[in-house]
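Since the structure comes first, as structure tokens, the remarks are kept for the end.
In this note's numbering, the protein residues as written are 3 to 56.
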């Protein structure tokens, strides 16, 4: 299991080097935000499913 956030990003193919321009930085931040939103939605759906099953 990956405990280090840098290792997690490298494992998923993100570049961790300093970025030359703001556009590239923005694109990486957007990917991270999208992943977080997907994970959050998945958690909410799973939670709702558990409640409806009870």
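Don't be surprised by glycine CBs; every beta carbon is placed ideally from N, CA and C. These numbers come from a predicted model, not from an experiment.
- Residue 7 and residue 54 have their C-alpha atoms roughly 34 Å apart.
- Annotation: residue 16 is outside any alpha helix (DSSP H) and is labelled neither H nor E by DSSP.
- Here residue 16 really is in contact with residue 30; their C-beta atoms are around 6 Å apart, less than 8 Å.
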